[in-house]
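*Asks:* Okay, so the sequence shown: first residue is 16 according to my numbering, each after it adds one.
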Amino acid sequence: MKFYYSGKSPDIHGVIMIHADDCKSLPDVLNRVYLGIFPNGNLATSSAIVKLQLSKVNICSCCN
16 MKFYYSGKSP DIHGVIMIHA DDCKSLPDVL NRVYLGIFPN GNLATSSAIV
66 KLQLSKVNIC SCCN
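This is the structure in structure tokens:
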């Protein structure tokens with residue numbers, strides 16, 4: 016199980032990225048939102064959609 020975070024700023028396509036705590040692309044502490052502890056990125060993504068009321072969310076390619 017890993018800690019997952021959402022970036023605060025969308026990418027150029029308007030998508031918010033979800034990252035695990037060991038990701039090299041994890042935003043700095045001021046630019047991310049803690050989502051929780053999950054067994055995989057898919058559950059973290061689902062949680063972000065509900066918790067943050069987002070429609071465009073993707074898991075980072077290195078965190079999937």
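No residue lacks a Cβ here, since even glycine has one placed at the ideal position from N, Cα and C.
1) Is Asn79 helix, strand or coil when you go by DSSP?
2) Compare the Cα-Cα distances from Lys20 to each of Ser70, Lys71 and Asn46 and report the closest residue.
3) Under a Cβ-count criterion, where at least 16 other Cβ atoms within 10 Å of its own Cβ denotes burial, should Met16 be classed as buried or exposed?
4) Go through the stretch 53-78 residue by residue and report every complete run of the alpha helix (DSSP H) that reaches 4 residues or more, in order.
5) In terms of alpha-carbon separation, which member of Lys23, Ile27, Asp26 and Cys77 lies closest to Gly56?
*Replies:* Working from what's here:
1) coil
2) What sits at residue 20 in the sequence shown is Tyr, not Lys. Taking only the C-alpha atoms, the option nearest Tyr20 is Asn46.
3) exposed
4) 56-66
5) Cys77
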